[in-house]
Amino acid sequence: MRETPAEVFHGRVAELDLLAEALRDAVAGGASAVLLGGDAGVGKTRLVSEFGRTATSGGAVVLSGRALDIADAPPFWPVVSALREQSRSRGALGRECAAALSRLDRADGPAGRVEMLGELAAVVERAARRAPVVLVVDDLHRADRSTRDLFAYLLAALSSSPVLLVGTYRDDPAGGVPVDLLGLTGELRRHRGVRFARVEPLPRHELAELVARWAPERHDVEDLVWRHSGGNVFLARETVRAVLDGDPHGVPQTVRELVRAGAAGLSAAATAVVRAVAAGVGEVEHALLAAVVDVDGAELAAAVREAADAGFVVVAGADGYTLRHGLMTEVVSADLLPAERVELHGRYATALHGGHRVPGSAARLAHHWQLAGRPDEALEATLDAAQEAERLRGYAEAHRHWLRAATLPVPAAVRDRSRYLERAAAAAALAGDHGSAVALLAERLGEPDAPSGTEQAVLRSRLGRYLGAAGQLTEAEGAHRRAVATLPADDDPDDTAVAARAEVLAGYAAALLDRADYAGARTVAEEALVAARRVGEPRALASVLATLGFGAAHSRDGTAGLDALTEAVAVAEAGGDPETLGECLARRAELLTGPLNALDGGVAAARAGAERMAGLGLGRTASVSLRVVAANGLFRAGAWDEAEQEVATAWAAAPSGAQMLELRLARARLRMGRGDLDGSDVDLTAAELVAGSTGLPKQRLPLLILRAGLEMWRGNPELAFAHVGKGLDVVESGIDDVFAVAPLLWHGARAHAQAVLAGRPPDASGLRRLRRHRRDLVERGERSAPALRGVIASYEAMCSAEDARTTPGADPDTWRGVADLLDGLGQPYPGSYARLRSAEALLSGRRTEDGAADLRRAADLAAGLRAGPLLTEIAEVAHRARIEVPALAAVGAVGHAPVAVDGPLARLTDREREVLEVLADGATNKQIAARLFITPKTVGAHLASVFAKLDVTNRTSAAAVLREHRADI
């Protein structure tokens, strides 16, 4: 293992906070205690050890001892052993502990016990005079009576001393306080300064992170470790070690021996109960257990009680049982002889088939019939389980059941294998397991008896849909093209053939829409619409209406497009297909939050749609897509905290494929805005791995735009301009999505302006290419829906304003007009940026009052978003212009960190040093004046003073002095 458990501590934040709070209370109000219970191996010892480490670093004295698991342990052993350890340390406390141990050795008899109580209390009290004391007794349930009495005695005797007592104990088999501790805990519960807490198993995500540290190269073991341990750290560690030692089942020898040793002491009836529960699936109801072991009444109750008291069986649910943990189940099951195993599963199957039916019984019945060696009965139950899972929206389970049905060795399963594979693929897609869906359908299409004609076209269309969901949009488009090409040329009037044709054409139209070929999508969708309306095929009809509506809103009439999408949602709702409904809801929400700029309505629709899809079992797919739409809309509206919450909720669903790519892009945008540039880079890199270098525009353009933005904030405008150039390559491949193109062009104009101002202008041909696309965008915008036309106009206004930054004599009010336009659109982030640029222009034009007002407005907007990089740039301008901006101080934004200076530089004023710093970059007086918002004449006066104070006669010598005394220049 990469790290041993002693080296690794992970999670337990709430428990550590509880202990830290208890220590603070002890310091403030006198002795208090915390008792921590929990299962063996759950991590109690490691928890108190970590707390002890942090308490020690905080100045506390930590005395820690563990009780011995022997009948005749010496009195007060845990505390005495803690003092003995402390006596080995240097200093007054170590000497005191050594002296106390010497006195304790001389105490004897009943009177000696009382004397020892007093002596131990005195030692702790004297230590607490120097610093807060934490006394830990680990495994308190094993402690001798004297130690338990001492625990209560110290709490009473040191009521005014800063002492925290911490005890850990193992729960009894039934999950409560051990019998030997009931007296102590009963007494302690009456004390107001005592806290009781249970250390629960680690939640799955924290256990997964811990396993990743133990075995970083074995990503495949997490599920096995969770099944074996249920979050118990000891069992998890032992499972990982067993796997790394070569046992694929991960059953460690230590645990196997412990389980077998415990089972050896059980009666025959209790053994039968343990074996039966191990063979069960999940919780075994009491009535079902009685049927399986063929024992009832008092005899069964006694056997179950014996198994529970021995730590094997625990109560689960209202009236069921399980074994204590998955590893125990593995060991007991593995020890069954084949004949015993078959017999037990046969009994379960017979009992379930005969009437012990509860939700999920079909799956359990299929499992038991199969392990009982009855494949024919197993097939019937498996098909029932698959259909039951689909009714309950359990698509991942349905996928597994259909796949199992396809592999059962019975004639009926062989005959219908192809149908089962298709159903398994469909269920996998709904569950978000896109890779399995693609693989299963590809396998079906590659079989010797694969269908032809219309049936093959339908399967290829579905393959295209699954590929698209997997994020493989290029391959998806190819599959859709092949599906259309496979359709028979003759116009078969049969309703089934017409419905199939509608489905294939609708899928292709949606794929064309995803590659932003709106004209092509409309042509195919109109043909599909005729077929879908002719036979009333709801899935195809809803999909086609969504495609037509989305495209229409971009190119012609936003209202008509939205109406078509509303109809599409209604048709999909009535049709009952959740996948189609998710598609329609996402199209509508994306249209509202994007081209139509109806942010409030779009976000509300996306959120409601996400909840609806999660309720329909599409929590990993359509629900994630809708949450991403909501997050992007909230980002544009300036509600970044809410956007981050939507992203976090979607992330928790563990999506894959296209949904994960969309989610990565949304998170990268938020991280970049907030200033986590490295985190944004990680997300973009991960998204690039999915999209590849040949992805469709829907993937590539946002990636390249975000890459350009990232490089701008990193101070690399030339790299940003290069990313924009790659984006223009995508645009020139032929796309109709002007809403996606507009921000790309603004990033290009911004990068160009910044590069010019930095003295590193890009190649002129790149600028000509960019401006050609800007002209084309304006022309296409005039043919767009009014709402979209306004959005495009705002981007072109921003591009023109960026040009003005490098144009001598440009109107300083240009950026102010852009800022007003963005305010009207309700977009505070670009609005803040525009106000910043307006402030720069106005300050350069000597309109200080107007410039200061716009700079403060920019800071207010950016501070509300906590937009770190933008706030830093605003702070830089405020520093250069010597303007006080309250919002910057409120959020701690610093544009120019003070630098310690010495030698001749210490003679200069702050402003003179600023002039010298800009001069050292090679700037002329005019450029220095523009950067610092002063006149060239003032620059000349400052430079004359600088030359005199530094005893130099020219600019080169002055710059050399700066570099000599400033390592950061």
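Residues in the sequence shown are numbered from 33 upward in steps of one, following the working numbering. Note that the Cβ used here is the ideal one computed from N, Cα and C, for glycine as well. Being a predicted model, the structure only gives us computed values, none of them experimental.
Taking C-beta separations shorter than 8 Å and ignoring five residues to either side along the sequence, the partners of Ala383 in its chain run Leu320, Ala323, Val324, following chain order. For the 9 Å CB-CB criterion, Leu495 and Leu477 form a contact. Take the alpha-carbon of His466 and the one of His431: they are about 12 Å apart. Here Arg806 has Leu777, Glu828, Cys831 as same chain residues with Cβ atoms under 7 Å from its own Cβ, once five neighbours each way along the sequence are excluded.
Taking a contact to require three or more Cβ pairs closer than 8 Å, the segment 558–569 and the segment 585–601 do not qualify as touching. Glu317 sits in a strand when the DSSP states are folded into three classes. Take the alpha-carbon of Gly126 and the one of Ala175: they are about 24 Å apart.
Secondary structure note for Phe667: its alpha helix (DSSP H) is the uninterrupted segment 654–669. At a Cβ-Cβ threshold of 9 Å, Leu190 and Val156 count as neighbours.
For Thr717, there is no enclosing beta strand (DSSP E); the enclosing alpha helix (DSSP H) covers residues 709–723. Annotated three-state conformation of Leu948 is helix, per DSSP.
The beta carbon of Val211 sits closer than 8 Å to the beta carbons of Asp204 from its chain, once the five residues preceding and following it are set aside; these are given in chain order. In terms of CA proximity to Val656, Ala684 leads the group Ser765, Ser989, Ala87, Ala684. Within the segment 288–357, the runs of alpha helix (DSSP H) at least 4 residues long that lie entirely inside it are, in chain order, 300–311, 318–325, 329–341. According to the DSSP assignment, Thr985 belongs to no beta strand (DSSP E), since it is labelled neither H nor E.
Boundaries of the alpha helix (DSSP H) around Thr88: 76–89. One thing to note: His42 has its Cβ no nearer than 9 Å to the Cβ of Arg222. A contact between stretches requires three or more CB pairs, one per stretch, nearer than 8 Å, and the segment 398–413 meets this requirement with the segment 438–447. Spanning the alpha carbons of Arg837 and Ala790 requires a straight line of approximately 12 Å. Taken through DSSP and simplified to helix, strand or coil, Thr200 comes out as strand. Straight through space, the alpha carbons of Leu920 and Leu617 are spaced by roughly 41 Å. Here the alpha carbon of Glu454 sits roughly 12 Å from the alpha carbon of Glu487. A buried status is given to Arg436, since no fewer than 16 other beta-carbon atoms sit within 10 Å of its beta-carbon.
Taking 9 Å as the cut-off, the beta carbon of Gly84 is found no closer than this to the beta carbon of Val169. Across the set Ala65, Val80, Val345, Asp252, the C-alpha of Ala65 shows the shortest separation from the C-alpha of Arg224. Short of 6 Å from the beta carbon of Val226, and not among the five residues preceding or following it, lie these beta carbons of its own chain, in chain order: Ala65, Leu220.
Between the segment 608–622 and the segment 647–666 there are three or more C-beta pairs closer than 8 Å, enough to call the two in contact.
For Phe108, there is no enclosing beta strand (DSSP E), as DSSP marks it with neither H nor E.
The segment 522–530 and the segment 706–725 do not touch, with fewer than 3 CB-CB distances between them shorter than 8 Å.
For the set Ala723, Arg801, Ala184, the Cα lying nearest the Cα of Thr506 is the one of Ala723. Rounded to the nearest whole angstrom, the C-alpha separation of Ala395 and Ala457 is 19 Å.
By the CB criterion at 9 Å, Ala247 and Val272 fall inside the cutoff.
Within the segment 449–485, the runs of alpha helix (DSSP H) at least 4 residues long that lie entirely inside it are, in chain order, 449–463, 466–477. Between Gly464 and Gly689, the C-beta gap is smaller than 9 Å, which places the two residues in contact. DSSP places Leu702 within a helical segment (H, G or I) once states are collapsed to three. Positions of the beta strand (DSSP E) runs, each at least 3 residues long and wholly inside the segment 147–221, are given as 165–170, 195–202 in order along the chain.
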